[in-house]
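Structure, as structure tokens:
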Amino acid sequence: MIHPVLPMLLVGILFGVGLYGVLARRNAVLVLIGVELMLAAAGLLFVTVGSLTADPLRAGQSMTVFIITIAAAEIAVALAVILAVFRARGNIDVSQRGSDD
Amino acid sequence: MVAALLAAPLAPIVAGLALVAGDRVPRAVSRHTAYAVSLAATLISLLAAALIAYDRPSLNRPWVPEVGMRLHLAVDGISVPLLLMTAAVGVLVVIHARHEQPGGGTPGTFFGCLLLVIGGGIATFLVQDAISFFLAFEVVLVPMWVLINRFGDPKDASERARAAATFVLYTVLGSTLMLVGILTMVFASGTADLATLARHPLPAGQQTVVAAILLIGLAIKVPIWPLHSWLPRAHTIAPTAGSMLLAAVLLKMGTYGIVRLVIAPLPAGVERLAPYVATCAVIGIVWGGLVCLVERSLKRLIAWSSVAHMGFVVLGLMSGTAIGLQAALFANIAHGVVSALLFAVVGGLKHRWGGDDLSVARRALRDVSPRLSLALVIGLAASLGLPGLAGFWGEVLAIFGAWNPGGDRSTGWFRLLAAVAAVGAVLAAAYALRVLRIVWMGDADGGRPLPPSPESDARGGELVVVTVLGAATVVLGVLPIILLNTTSGAVDHLMAVVGR
Amino acid sequence: MTLTYDWWLLAPVLVPGVGALLVLVVDAIAPRLGRVHWALTAGLLLVGAATVIPGLLPSADNPRRTLCLSDGSCLYAVDHVGAGLQFTALVSAAVIVLLALPIRVPTERAPVQAALLLTATAGASGVVAARDLTSWLVTLELATVPTVALVALRARRSATDGALSLLTTSLVSFAITAMGAALWFAATGTVQLGGDAVLAASHDADSRRILALAVVFIVAGVGFKLSLVPFHAWTPEAFGGASVPIGGFLAVTSKVAALGALLVIFRGVSVLGTSALAAIGVLAAISMTVGNVMALREQQALRFLAWSTISQAGWVVLPLAAVSSHAVRAAAGYLVVYALATLVAFAVVTALAHSDGRNHATRLASYGGLLRRRPLLGVTLALALLALMGLPPAVVGLVAKVLALGPVAGGRLWPLAIVAAVNAMLGVAVYLRWLRILFGAPTDPGTHDRLHPVHLAVVAIGLAALVVTSIAPQLLLGLVGR
Amino acid sequence: MPSASRLDTQSLALDLVLQPSHLVVLLPAAVSVLILVLTRRSARGAFVIAAIGGLLGLLAAAALLAQQARGGAVADPRTIGELKVGPALAVPLRLQVDRLMVLVAVAVALVSLVVQVFARWYLYSDPRYRQFAATVGLFTAAMQLVVLSGDVLLILVGWELMGWCSYLLIGHESERAKARRASYKAFLVTRIADAPFAIGLAVLALGARSTSIPQIVQHWQSAAADHGTALTAALLCVICAVAGKSAQVPFQDWLPDAMEGPTPASALIHAATMVAAGTVVLAKLVALLELSGTARVVLTIVASVSMVGAAVLAFCQHDLKRLLAWSTVSQVGLMLLGLAVLPVREPADLGISHLLSHAMFKALLFLLIGWLSVLVGGTIVERQSGALSKHLAVRWLVGIGLLALAGVPPLVGFVSKDLIVDEAARRGVDGDVSARIAFVALVCVVALTAAYTTRMWLILVHRTGRQRVVVREAVEDSYDIRDVGIVEMLAGSPQVDVHGRPLRRDEPMPPVVDDDDDGPLPEPQPGAGARTGLQLLAILSIVGGALIFSPMLEVDWENANLWLIGASLVLMAAVALLVRLMSIGTVYGDAAARLPLPLRSSASRGFDVDAGYVGLVARPVVALARGVARLEGGLDRGVQALPALVTRVAGAGFRLHTRRPTSGLVAVALGVVLVGLMGVIWW
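Chains as they are written, first to last, in this note's numbering: chain L, 271 to 371; chain V, 14 to 513; chain A, 2 to 483; chain X, 241 to 923.
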């Protein structure tokens with residue numbers, strides 16, 4: 271059994287890297303990846319804590335599954351939107367100003 | 014009788030809403046119809062107010078339980094004079110509005126907004142529930158904004174917008190602060206009923222903060238120096254009828270609110286804050302007086318004099334004595350009548366002259382328009398506190414009240430304030446006579462007095478308005494006992510509750 | 002492991018949820034039905050709303066629970082406030098659908114939009130009643146993700162820009178919320194959102210700290226959805242880009258979902274006392290101020306409404322800064338009033354955009370003299386704006402303001418109360434700008450199409466609702482309990 | 241018969257709500273109301289109302305006097321009822337009828353009636369006659385209210401109303417800038433002096449917990465030992481107001497300027513109403529004055545300085561109307577000294593008796609100078625010189641008035657003045673400081689009064705060189721001297737009305753009463769009523785002194801100091817002789833012409849006190865007002881700058897909102913950090 275500090279550390283690192291990616295990248299897909307990293311951190315935290323507690327529902331594990339599922343759904347929508355953006359203006363740069371009608 | 018309670022505020026409000034909303038459907042309401050409807054509504058309201066004053070009915074039923082609002086309508090000695098004055102001024106304002114209807118919009122909207130303001134004023138003095146009081150307080154805002162913004166001085170659209178916005182924003186800030194104070198009290202005591210609030214005061218320590226918030230909020234409405242700067246601007250721009258309502262009704266809501274919401278339920282807080290508020294009030298007296306000495310716009314000058322006069326009212330309120338309270342309530346009514354009269358006259362003059370710049374030399378008004386000039390003389394004389402006219406009793410009794418303040422208030426400081434207020438009364442004389450010297454006596458030198466020109470004198474509706482208001486000024490001055498006896502019972506009761 | 006099921010109780014979630022499938026199925030069977038889908042959707046939403054009505058009655062149990070585990074904890078509970086919010090969400094969505102009904106869109110897009118809208122509504126309706134982290138997180142995202150697609154589906158450049166803005170923010174917020182949820186789980190050791198676990202966790206200093214972090218992460222995540230500053234940047238972009246009814250959906254139904262989600266968390270944490278939620282007060286104050294100040298200079302009607310939404314969101318969460326039994330009802334009550342007024346405003350804008358063309362409805366200047374040009378629309382819009390200002394004759398708005406300020410004043414949070422008062426003033430300045438334009442000189446749009454009857458009906462009903470609730474505000478406020 | 245039982249024929253007590261004391265106040269007030277309400281541009285109607293009202297007012301006062309003499313007067317009649325202002329202060333608002341005040345009321349009513357009747361002639365062609373008559377009515381009512389009031393608030397009412405009426409009367413001819421300024425100045429100066437009045441009355445009333453004068457006197461008499469400072473302060477406040485209304489130093493300068501008003505108005509202001517009101521009020525409070533040595537000394541000094549200074553100024557005046565005005569200041573000072581040197585615990589008989597005598601002869605003199613001014617077209621020395629030698633009808637009356645003013649026995653002026661001098665001497669011997677000051681001042685004033693009255697008389701009867709030539713020619717050319725009227729000889733100078741404009745022939749001339757002896761000479765003169773009134777005043781000026789023998793006045797006339805009287809007579813005679821010597825050889829018979837010109841011109845301007853008022857009060861106040869107005873402008877600009885500020889903030893906000901998704905994300909990240917910090921710190 272590994273000591274919970276290590277996974278916790280990993281959670282922090284993953285979340286930080288994800289946040290950095292979100293803030294630093296201008297490509298929408300890379301931003302998506304950053305978000306995925308952050309979600310992964312959350313999932314990891316759930317699993318870690320879930321393994322430490324004796325929850326009859328296994329809530330930690332099931333939450334992780336839910337998060338992954340939701341993330342998948344979101345990615346689907348996100349890719350669709352990014353596609354639409356690309357069609358509309360030819361790039362997927364998230365640092366470009368929005369425009370009016 | 015309960016019907017009268019509802020009819021008094023609702024007749025103008027419903028008629029006003031109908032006029033405003035029905036203005037375009039299917040076509041604009043004619044001036045005649047608008048006038049007839051308005052006159053009928055205000056007369057009904059006046060009749061109902063008289064019935065209420067006579068019978069003192071009461072109506073108390075739940076309305077919006079979610080916020081503890083009840084439909085509790087009743088009157089006592091403090092509100093009856095204000096109620097009657099508002100209803101009566103309402104009728105006069107409508108009559109005057111027919112005489113002098115400004116451009117800028119349809120008659121339906123104009124009269125409708127006037128009615129809404131009148132109805133809001135009447136409702137304010139009828140409700141016995143703190144939150145409904147706030148509601149009634151707010152009713153007048155939007156119509157008044159429309160009156161100033163659309164029907165104000167036609168010369169300068171941007172100044173109109175600025176004046177209207179200044180008025181409405183200042184007032185909203187004040188009333189929201191007042192709401193905060195009200196809600197604090199309501200939460201602490203679990204009821205919004207004004208009488209119950211007064212019977213169950215907050216702990217003394219908390220009273221100061223709540224009283225401060227309420228006083229700041231209400232000070233904007235009154236207005237107390239230095240929160241007054243909306244008033245001259247609004248008055249200068251507003252149409253005559255709007256100015257009359259503003260001075261006679263809207264300012265009174267502030268002082269009435271101080272009596273009901275601050276003095277009665279928060280005696281300890283008032284005692285702590287009274288020296289500061291009274292000081293501001295007295296600064297306002299002197300400040301207003303001084304500005305009037307050099308002000309060039311006649312209407313603005315009268316507005317400034319309102320600041321000074323309301324200073325006396327607040328000084329009386331803050332003195333914490335029955336004399337001061339009586340004086341304040343009297344001065345309140347007196348100012349309502351006198352300022353309505355002055356604004357009617359001055360508005361008429363501005364209308365005739367096409368401007369109100371005092372530095373323009375004009376013929377002596379006493380020769381040109383004898384009736385109008387008599388009204389002006391009565392109004393200004395009352396404004397300088399001439400005995401025999403309405404202004405005198407309130408101011409002199411306010412000084413008497415402030416000389417021996419109640420409670421633990423600093424006697425020395427209040428005596429100083431009373432002395433300064435007395436000096437402020439001298440300033441009132443100086444500016445009132447300044448106006449008389451310029452307007453009434455005229456600037457043109459030499460020669461025989463010119464024959465009057467009846468066509469430019471007060472006639473018809475205007476004559477009715479200035480006559481009634483002038484007569485009221487004289488009656489209040491000669492027989493102050495009518496008013497003082499009406500309020501004395503309620504004041505004694507209030508002072509007993511406050512614990513003096 | 003067994004769960005109890007009360008289908009009637011679940012119906013507000015199930016009806017739109019299943020309805021979304023039904024719409025897709027209908028489209029598969031009989032393609033290109035166009036407006037029929039919208040009508041079906043509206044019907045479904047109204048049916049869903051009807052199923053909430055028993056919960057609105059004062060006699061209903063408070064709360065009513067289902068999906069209960071054997072240990073007695075339940076995953077789904079609807080109290081009076083929850084029922085009121087569900088009802089608001091469903092009815093507002095139905096109104097949005099009715100507003101969208103006359104608008105011509107490519108026929109293949111209608112069922113997609115309808116299904117997305119139904120899904121989001123189901124999420125909104127569900128998150129209100131969720132009582133555990135899992136269903137809370139799922140329904141919250143169910144209410145969020147479809148809106149991104151809905152915005153994007155207008156398929157103009159501005160719409161995709163808005164959608165991108167919304168998308169990125171929502172994703173990050175979701176990540177933050179998920180992190181918050183994980184921290185919550187770490188602190189309390191359970192996915193239940195009830196107060197007992199929180200109370201137990203608060204005794205231990207470490208878990209207290211983690212719980213604090215969890216709460217602020219969750220508040221930040223939900224703050225995005227409520228458009229609280231500084232999580233608000235997407236709002237004007239999305240409102241400006243989306244079609245007008247979808248803007249309304251973001252402004253109203255989404256907000257119901259967000260507040261519902263926040264209230265679920267709030268109920269759990271409120272046992273800890275006041276300081277825990279001071280952050281909400283700060284966010285409320287900043288939101289009001291920024292929203293109002295920005296709206297003062299905004300020239301586009303839709304973006305104006307977005308800023309207005311931001312400042313109103315501040316008002317919505319304002320009472321939550323004071324932890325008291327009134328706070329929840331006050332916030333919900335304010336939200337309901339806000340929902341009504343905003344819906345009516347959007348209805349007017351939609352109607353105008355439909356008859357005069359979108360270009361004649363998106364600029365504030367094009368509303369010049371609307372009171373004279375189209376009295377019904379003008380009066381309705383004026384009344385809605387007055388309700389948002391909180392000034393009579395729209396008494397209902399004023400009562401809402403009283404409601405929102407009540408807990409703050411009662412809790413003696415003076416700085417917050419004073420900021421709120423200043424913002425009441427700023428708000429009046431903001432809406433007066435528009436009101437003044439309504440009174441002002443008419444601008445001629447060139448076209449004089451008659452209003453679509455559905456729009457006409459919706460606007461008329463909206464006007465009637467504002468008038469009736471101004472005379473008897475308790476009718477509206479009674480939705481969220483007494 | 242209910243009415244029969246209501247009048248007690250023995251004591252004349254009347255059992256009605258409306259007492260004669262009420263009527264004394266109400267009838268003159270009714271005059272003004274009725275004139276304003278009933279008449280429309282009809283001067284005749286206004287005159288009828290004014291005359292009848294004035295007469296009724298005089299009758300009511302006479303009835304009150306009779307009642308008082310027979311003991312049937314109600315001592316404290318109710319007025320509008322008690323004002324309810326809480327337990328700390330009773331405001332009964334009752335009148336107070338006592339011996340002295342009834343006399344004053346009669347005098348006021350009489351003077352007012354004569355003034356009303358005279359004004360009809362004097363202002364015959366004045367388009368504002370109605371307003372004038374109405375104002376005089378109100379003025380009289382206000383004075384009667386002060387006289388009969390038993391409540392400090394009622395005093396204040398009458399007091400301020402009088403100030404207002406004086407404003408209206410002085411500004412009557414408001415088309416002239418000087419009249420406008422004079423009225424403004426008169427009201428403001430008195431109003432400034434009144435500011436302490438309200439405070440003083442507040443102190444007195446709040447101390448006694450009542451505004452009733454008897455109660456105030458009673459309370460303070462017992463409380464003076466403990467609250468001496470408060471009493472002194474209150475009395476000083478009252479004295480300040482009295483000095484303002486009675487034109488004593490340092491407020492004296494408004495009164496000469498008030499000569500801009502029509503002469504009947506001056507007669508009213510000087511003789512019976514406004515100026516005398518100070519004396520009346522102090523007389524009511526005289527019992528308190530004795531309790532405060534400081535207040536008495538201050539009053540003595542103020543009155544003495546005013547008295548002597550005004551007498552000097554009167555001597556130097558170039559305008560005879562202003563001479564009379566300054567003499568009023570001097571005489572009022574005399575009255576106030578009468579109060580200041582009063583024997584302990586005595587009612588204010590000395591001051592009031594001089595008030596009464598002054599009312600008679602000063603009204604007479606003012607009305608006569610008005611008459612003369614109509615005849616010769618002005619009141620300056622050049623115009624008036626020789627007026628009496630041309631217009632003999634006025635001569636006797638003027639002579640009587642001036643003799644009374646100078647205080648020549650046995651005229652009324654002598655009687656009342658000598659009583660005061662006597663009392664001052666007596667108390668001065670006893671060692672009373674204020675009495676000694678008063679005595680010195682009185683001696684000066686006796687001499688100065690003799691000087692200026694002699695001067696005036698000499699001017700009025702002076703015959704200019706041209707006149708003498710004309711008279712000689714007339715005598716030489718005429719067979720019958722009696723047929724030659726002097727006016728006719730001067731016909732070269734056209735007749736002018738009060739405005740100095742030539743009288744037009746087509747205007748109705750004042751009614752002329754034919755006099756058989758004088759033949760058909762059209763000399764403007766007042767109507768018979770006015771002349772009767774003047775004659776009545778003259779008679780009263782002669783025999784009014786007999787009043788001291790009646791029980792209505794309680795003065796100590798039996799122990800008159802005959803040596804003192806003799807000395808003062810010698811002094812007066814010597815001064816008169818001196819003045820006569822000085823006048824010889826001057827062009828207009830003006831003794832003052834011997835004085836250096838700068839002194840005369842400066843004195844004519846009241847030693848330029850007006851410049852002091854302007855420099856010390858008016859300019860600083862206006863400068864302060866401008867400063868405040870600037871501050872206010874700044875405040876207003878500050879408030880109005882807020883929208884601009886908010887707009888700028890919004891502009892910055894728009895720059896911050898770059899509309900890029902990335903900036904939104906940065907904001908979210910910052911928000912999380914912010915919220916996290918708050919959560920961690922505040923948990």
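By construction, the Cβ of each residue, glycine as well, lies at the ideal position given by its N, Cα and C atoms.
| Asked | Found |
| --- | --- |
| Could you tell me which chain X residues have their CB closer than 8 Å to the CB of residue 232/A, listed as they occur along the chain? | 907, 908, 911 |
| Using DSSP bridges, identify the partner residues of residue 77/A. | 67/A, 131/A |
| Kindly list, in the order they appear in chain L, the residues whose Cβ is closer than 8 Å to that of residue 902/X. | 293, 296, 364, 365 |
| What does the alpha-carbon distance come out to for the pair residue 304/L and residue 225/V? | 52 Å |
| Can you tell me the Cα-Cα spacing of residue 719/X and residue 612/X, whole angstroms? | Confidence at residue 719/X is low in this model, with a pLDDT of 48, below 50, so the placement of that residue should be treated as unreliable; the coordinate-derived value is given next. Between residue 719/X and residue 612/X, the C-alpha separation is close to 29 Å. |
| Go through its chain and collect everything with a Cβ distance to residue 722/X's Cβ below 8 Å, but skip five positions before and after it. | Because the pLDDT of residue 722/X is 42, which lies under 50, any placement of that residue in the model is unreliable, and the question is left without a value. |
| For the beta strand (DSSP E) containing residue 76/V, list its first residue and its last residue. | 72-77 |
| So residue 438/V contacts chain X; which residues on that side make the cut at Cβ distance below 9 Å? | 431, 434, 435, 438 |
| Within 10 angstroms of the Cβ of residue 14/V, are there 16 or more other Cβ atoms? Answer buried if so, exposed if not. | exposed |
| Looking only at its own chain, which residues have a Cβ that is under 6 Å from the Cβ of residue 757/X, when we skip the five neighbours before and after it? | Residue placement at residue 757/X is poorly supported in this model, since its pLDDT is 43, which falls under 50; the coordinates are not used for a value here. |
| Please report the straight-line C-alpha distance between residue 142/A and residue 124/A, rounded to a whole angstrom. | 7 Å |
| Cα separation between residue 909/X and residue 77/V? | 42 Å |
| For the alpha helix (DSSP H) holding residue 266/V, just list the boundary residues, first then last. | 264-270 |
| Hey, is residue 301/A's beta-carbon within less than 8 Å of any beta-carbon in chain V? | no |
| In three-state terms, what does DSSP make of residue 612/X? | helix |
| When the cut-off is 8 Å and only beta carbons count, does residue 899/X lie next to chain L? | yes |
| Assign residue 300/A to buried or exposed, taking buried as 16 or more other Cβ atoms, counted over all protein chains shown, within 10 Å of its Cβ. | exposed |
| Have a look at 242/V, 132/V, 58/V, 303/V and flag the residue whose alpha-carbon is nearest the alpha-carbon of residue 877/X. | 242/V |
| With a threshold of 8 Å, are at least 3 pairs of Cβ atoms found where one atom belongs to the segment 142-153 of chain V and the other to the segment 174-192 of chain V? | yes |
| So with CB distances below 7 Å, who are the chain X contacts of residue 279/L? | Ordered by position in chain X, no residue passes the 7 Å Cβ test against residue 279/L, which lies about 19 Å from the chain. |
| How many Å lie between residue 85/V and residue 412/A at the Cα? | 26 Å |
| Looking at the structure shown, is residue 213/V part of a helix, part of a strand, or coil, going by DSSP? | coil |
| In chain X, which residues lie with their C-beta within 8 Å of the C-beta of residue 307/L? | Simply none; closest approach about 14 Å. |
| Does the separation of the CB atoms of residue 144/A and residue 255/A fall below 8 Å? | yes |
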